[in-house]
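Chemist:
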Amino acid sequence: MRYHHFGDGRFVLRLDPGDDVISTLEQFADEEGVDAGLVTGLGSVERIVLGFLDPEAQEYVRRRFEEPMEVAQMTGTISLEADRHFIHLHAVVAPRELLAYGGHVHDATVGVVMELFVTKFPGTLARLPVEGQPFPGLFLPGETPPGDEEDADAS
4 MRYHHFGDGR FVLRLDPGDD VISTLEQFAD EEGVDAGLVT GLGSVERIVL
54 GFLDPEAQEY VRRRFEEPME VAQMTGTISL EADRHFIHLH AVVAPRELLA
104 YGGHVHDATV GVVMELFVTK FPGTLARLPV EGQPFPGLFL PGETPPGDEE
154 DADAS
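In structure tokens form, the structure reads like this:
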């Protein structure tokens, strides 16, 4: 990975063949202190695991693609879960037949190249457990997490 900061929290990243998309973004967020960010991009992957959250089962149905795919769109957020950066990505990808598949990105390895654009926002977006939800919820700056309402009311 290589990246450039254009100022005002705007970055462009180039991920190279074989780079793991999620761990590379985590490394970037660590290096640049991005605790609240927007990610968008395009490129190609050599393999990707996409997911669909089944609302009744409250679990992801995953599909693995082990073939070169064009990434027509990748978008997501950077936040903090406990003391680590949390990368939440979705993508639309297309194989040689030009079909479109989309969903939550669980894992992805760069094919030819990946170009990502990150906008860093001041403050922190927090990921915290939410009762009855199979993944951590996104909490905005100043928002009281569930269960902390009584603590906030008591103060």
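For the sequence shown, position 85 (counting from the first letter as 1) is numbered 88 according to the numbering used here, and the numbering increases by one without interruption.
Glycine included, every Cβ here is placed at the ideal spot set by N, Cα and C.
Under 6 Å Cβ to Cβ from V115, same chain only, skipping five residues before and after it: list those, please.
Modeler: Excluding sequence neighbours, V115 sits near S47.
Chemist: Decide if the segment 115 to 125 is in contact with the segment 14 to 28; the criterion is three or more beta carbon pairs, one per stretch, under 8 Å apart.
Modeler: With the cut-off at 8 Å, the segment 115 to 125 and the segment 14 to 28 touch.
Chemist: At 3 residues or longer, and completely inside the segment 76 to 111: list those beta strand (DSSP E) runs for me, N to C.
Modeler: Listed in chain order, they are 87 to 97.
Chemist: Pick from P125, P144, E69 and V64: whose alpha carbon is nearest that of R99?
Modeler: If we check each option's Cα against that of R99, E69 comes out closest.
Chemist: Ends of the beta strand (DSSP E) at E62?
Modeler: Per DSSP, E62 belongs to the beta strand (DSSP E) from E62 to F68.
Chemist: Among the candidates P148, F55 and L143, whose CA atom is the shortest distance from the CA of Y104?
Modeler: Considering only alpha carbons, the answer is F55.
Chemist: Distance check for H109 and I90, CA to CA, integer angstroms please.
Modeler: Approximately 10 Å, taken between the alpha carbons.
Chemist: Just to confirm my understanding: we take R87, look at its own chain, exclude 5 residues before and 5 after, and list those with CB closer than 8 Å. What are they?
Modeler: The answer, listed in chain order, is E29.
Chemist: For Y63, which residues in the same chain have their Cβ closer than 6 Å to its Cβ, ignoring the five residues on either side in sequence?
Modeler: Hits under 6 Å: G54 and L56.
Chemist: List the DSSP bridge partners of T43.
Modeler: DSSP, once it has assigned bridges, lists T78 and F120 as partnering T43.
Chemist: Straight-line CA distance for G44 to Q136?
Modeler: Rounded to whole angstroms, G44 to Q136 spans 28 Å at the Cα level.
Chemist: Just the C-alpha distance for R65 and A111, rounded to the nearest angstrom, thanks.
Modeler: Taking the straight line from one Cα to the other gives about 13 Å.
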